[in-house]
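See structure below.
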Amino acid sequence: MENVLTAKSELLVYECDGFTIEKNRPDVAVFPRSTEDVQKIVRICNEAGVPFLPRGAGTSLAGGCLPVGGGVMIVLTRMKQILEINLRDRYAVVQPGVVNVWLTQALKGSGYHYAPDPSSQGACTIGGNVATNSGGPHTLKYGVTVNHVLGVEVVLADGRIVQLGGPAEDPLGLDLVGAFVGSEGTLGIVTKVWVRLTRDPQGYRTMLGVFDSVEDATNTISEIIGAGIVPAALEMMDQGIVAALEEAFHFGFPLDAQAVLLIEVDGLEAGLDEQRDRIIDLCHRCGAREVRQAADAAQRQKLWKCRKQAFGAIGRLSPSYCTQDGVVPRTQLPHILRKIYEIGARYDLRVVNVFHAGDGNIHPILLFDERHPDQVTRVLQASHEILEECLACGGSVTGEHGIGVEKIAFMNKMFTPDDLRAMANLRDAFNPRGNLSPEKMLPTSAGCGQEQKPRLQQIRPARRAAL
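In the numbering used here, the protein residues as written are 17 to 483.
Listed below in structure tokens is the structure:
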């Protein structure tokens with residue numbers, strides 16, 4: 017059947033997302049091409065009493081599309097049309113399987129762009145971005161996905177089709193669009209998205225600060241924001257990532273640098289040179305060895321290419337990796353990075369870092385080989401400690417990757433029982449039978465507020481042996 021997969025060998029592709037530590041095959045993978053197809057699939061699943069869940073490109077990094085109990089996986093990648101671009105009213109309408117960068121390319125030369133640009137934008141879908149409320153390098157100035165979604169069409173868990181919001185700004189009533197963005201497919205299956213378009217800035221100033229210590233680089237981040245400058249992007253890469261990028265792509269990075277900052281300001285041409293000069297001065301005051309400037313659009317594109325391809329270069333460092341997604345106040349960045357390297361050393365794991373430094377969204381990357389169960393165990397334990405430290409700093413265990421299955425144990429640590437009950441009540445209002453994306457986000461399937469063991473202790477022995 018053209019739109020259905022049932023063979024075990026074919027379903028292996030869908031046994032996990034970017035969080036490869038836990039795996040489980042769906043029983044069936046179905047590929048709808050329209051909202052009506054999704055509705056039919058959902059109704060059939062309800063009649064048969066089987067669980068079901070949506071999946072996009074599978075680039076999510078927290079097990080958000082792991083079919084925990086099997087069931088039917090609804091793969092939305094064939095719903096890939098850009099349905100409308102309305103420049104006059106500044107919105108576009110897309111299906112969930114549209115790859116993020118396709119919309120960027122479709123808007124080239126129009127004077128507008130879609131601002132959310134996750135590092136995986138060449139592969140991730142806008143439907144997946146909606147599910148996890150993705151951010152990206154330009155989150156610092158432009159905000160995350162929820163700030164750019166005007167409305168969604170959704171197939172609910174019972175098969176009803178509803179539209180929430182739409183092309184109009186600030187619709188009346190409850191902000192149900194805000195509730196759906198970031199709900200990780202637990203409230204409904206998004207089949208159409210109205211996204212806000214943003215006018216292109218007049219100009220850019222893009223810089224690369226080179227530092228001999230990670231601490232100097234992280235202190236620079238706080239100094240820039242403290243000076244009242246809000247860059248469009250402020251990204252950090254440590255020596256491990258820089259070395260991998262240089263080996264893979266030959267960008268001309270200094271291999272002895274302990275950290276580099278990719279800094280960009282944009283907006284009206286008037287004032288950009290002044291902001292650039294202030295940033296360069298702050299970098300030098302904080303110990304930068306040098307600050308390079310992109311002289312033209314080609315050099316700017318090259319710098320951003322290196323940032324966007326950072327994760328692709330990690331394959332040169334290790335056969336497997338686990339990326340975390342904590343958030344800390346910017347002033348705590350020096351502390352959390354010291355702790356990350358300390359935890360990595362204690363568990364005998366190499367850790368490299370590339371992250372959205374401007375908003376304190378860290379992405380430590382733990383390198384290991386998942387064919388060795390002992391390394392898997394150490395990675396999970398180290399990851400748990402890193403996220404615990406993020407909470408101790410007054411932060412969060414996720415900035416854009418979501419909770420999925422990986423971080424359910426932390427929900428009781430971040431929220432009170434009353435908070436979790438309110439979340440469960442909302443989920444139950446849209447998904448009363450719990451058959452849509454079961455065992456995701458919230459600590460228990462039947463209620464909230466109970467203590468839950470870390471995922472490390474929940475992995476079945478048989479599955480561990482298979483890693």
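Yeah, the Cβ is synthetic: ideal placement off N, Cα and C, and Gly gets one too. Here the structure is a predicted model, which is why all the values come from computation and not from measurement.
Terminal residues of the beta strand (DSSP E) in which residue i lies
{"i": "M95", "result": "It is not in any beta strand (DSSP E) - M95 carries neither H nor E in the DSSP assignment."}
{"i": "F371", "result": "R366 to F371"}
{"i": "L166", "result": "V165 to V171"}
{"i": "K486", "result": "A question about residue 486 goes unanswered here, because the residues of the chain that appear run from 17 up to 483."}
{"i": "Q348", "result": "Careful: Q348 lies outside any beta strand (DSSP E) and carries neither H nor E."}
{"i": "Q179", "result": "I177 to G181"}
{"i": "E548", "result": "Missing from the structure shown is residue 548; the chain here goes from 17 to 483 and no further."}
{"i": "P70", "result": "F68 to R71"}
Spatial neighbours of residue i in its chain, beta-carbon cut-off 6 Å, leaving aside the 5 residues before and after
{"i": "V343", "result": "G376, N377, G411, S412 and G415"}
{"i": "G72", "result": "L92, T141, G143 and G144"}
{"i": "S199", "result": "none"}
{"i": "V170", "result": "V178, G204 and V206"}
N- and C-terminal bounds of the alpha helix (DSSP H) containing residue i
{"i": "P389", "result": "P389 to A408"}
{"i": "R221", "result": "Per DSSP, R221 belongs to no alpha helix (DSSP H); it is in the beta strand (DSSP E), G219 to F227."}
{"i": "E63", "result": "T51 to A64"}
{"i": "I241", "result": "V230 to G242"}
{"i": "A23", "result": "Unbroken run through A23: none, as it is neither H nor E."}
{"i": "L383", "result": "Run containing L383: none in the alpha helix (DSSP H); it sits in the beta strand (DSSP E), P380 to F384."}
{"i": "V193", "result": "L192 to F196"}
Burial state of residue i (16 or more Cβ within 10 Å)
{"i": "R215", "result": "exposed"}
{"i": "N441", "result": "exposed"}
{"i": "E306", "result": "exposed"}
{"i": "L21", "result": "buried"}
{"i": "A481", "result": "Low local confidence applies: a pLDDT of 27 at A481 is under 50, so the model's placement there is unreliable, with the coordinate-based value given in what follows. So A481 counts as exposed."}
{"i": "N19", "result": "exposed"}
{"i": "G152", "result": "buried"}
{"i": "G184", "result": "Per the sequence shown, the amino acid found at residue 184 is Ala instead of Gly. Classification for A184: exposed."}
{"i": "V114", "result": "buried"}
{"i": "R323", "result": "buried"}
{"i": "A438", "result": "exposed"}
{"i": "K208", "result": "buried"}
Own chain, CB closer than 7 Å to residue i, minus 5 neighbours either side, in chain order
{"i": "T155", "result": "H372 and D375"}
{"i": "E31", "result": "K39, N40 and R41"}
{"i": "L27", "result": "L21, R41, P42 and A45"}
{"i": "F426", "result": "L403 and V413"}
Test: residue i CB closer than 8 Å to a CB of chain B
{"i": "N235", "result": "Absent from the structure: chain B. Only one protein chain is present."}
Chain-order list of residues whose beta-carbon lies under 8 Å from that of residue i (same chain, five-residue window excluded)
{"i": "S461", "result": "Because S461 sits at a pLDDT of 46, beneath the cut-off of 50, its placement in the model cannot be relied upon, and the point is left open."}
{"i": "A326", "result": "S135, M253, I257, A260, L261 and V370"}
{"i": "R479", "result": "Caution applies to R479, whose pLDDT of 30 falls short of 50 and renders its modelled position unreliable; the value that the coordinates give is listed next. E38, K39 and N40."}
{"i": "S25", "result": "none"}
Quiz item: Curious, which full-length beta strand (DSSP E) runs of at least 3 residues does the region 268 to 337 contain?
Solution: 275 to 283 and 304 to 309
Quiz item: Do the region 274 to 283 and the region 291 to 305 meet, that is, are 3 or more Cβ pairs less than 8 Å apart?
Solution: yes
Quiz item: Are the region 215 to 225 and the region 118 to 133 touching, with three or more C-beta to C-beta distances below 8 Å?
Solution: yes
Quiz prompt | the region 324 to 331 contacting the region 258 to 268, beta-carbon criterion three pairs below 8 Å | solution = yes
Quiz item: Are the region 361 to 371 and the region 299 to 317 in contact at 8 Å, needing three or more beta carbon pairs?
Solution: no
Practice problem: Pick out the complete alpha helix (DSSP H) segments inside the region 110 to 142, 4 residues or longer, and give them in chain order. | Solution: For the region 110 to 142, whole alpha helix (DSSP H) runs of length 4 or above, ordered along the chain, are 116 to 122.
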